[in-house]
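Residue numbers (our numbering): 14 to 308. Written below as structure tokens is the structure these notes are about.
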């Protein structure tokens, strides 16, 4: 998978269970722990259905609304617009009345529901200022260019995005998210978990969704693996104490392994036969030479 996310506030890294970040320090590279990593598996409280995979990818970041409040031109991906919802991967520029162009990079410092302005001061410097602070500014020292509101921020610990087809298989879009689920065994081709909850839940696993060869079992009964958050696996987990397994088993790989074994045995047999044939010819030559010398 090629996976690009902008303005995700490390949420995507959290759901991928990235436990350390490698950074440059004063004495070389250092490892910084990620305390918000979500672990191997967790329950979510809400399923959000989206129309297609492109929207699903964008939903894993932050959704902002932009409104042009200045005298210039707001450009989103080259399009002149007065108001637009964006996700951060777009190219955003603001053309001032003086025809100077400013690159606009959305900030990660906002919380959901927060409003701010992208402004330029009398010295030509740009900044983000919360709306309530700017409303209290009586000196009018800033020129408001863009009104920005953070509409939605992805929270993988409590919500999961799924395209419509997959979301319908989840059964419902609201869960309590209460209970316990944890990994108990890990092998690359066989993983085991246990869960305990008082009601049905939706579990998200920090494992890449790959349908070919992978099967899921709950208490020994096969169940369908759901595609969650574009790249991860999900399962509907019934209430009560449950044993969950992921197993990788692809028949064509067994056939390929069998064929490789047969070919290897044939190759060994061929080398053995060639060696035996050469040894037999050498013995016949020695025998012939011995008889000739006796005569």
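The beta carbon of each residue, even a glycine, is placed where N, CA and C say it ideally should be. Keep in mind it's a predicted model, so treat the numbers as computed, not measured.
For residue 165, which residues in the same chain have their Cβ closer than 6 Å to its Cβ, ignoring the five residues on either side in sequence? 76
Please report the residue range of the alpha helix (DSSP H) in which residue 72 lies. 66 to 72
Starting from residue 25 and walking both ways along the alpha helix (DSSP H), at which residues does that stretch end? 24 to 28
Going by the CB atoms, is the gap between residue 79 and residue 159 shorter than 8 Å? yes
Across which residues does DSSP place residue 196 in a beta bridge pair? 206
Residues that DSSP places opposite residue 36 in a beta bridge: 43
Nearest residue (CA-CA) to residue 254, options 294, 282 and 206: 206
Taking Cβ positions, are residue 119 and residue 85 nearer each other than 8 Å? no
For residue 142, I'd like the list of residues in its chain whose CB is within less than 7 Å of its CB, leaving aside the five on either flank, ordered along the chain. 129, 130, 132 and 155
Where do the ends of the beta strand (DSSP E) carrying residue 148 lie? Where residue 148 is concerned, there is no enclosing beta strand (DSSP E), although the alpha helix (DSSP H) it sits in stretches over 144 to 148.
Confirm, please, whether the CB-CB distance from residue 62 to residue 211 is below 8 Å. no
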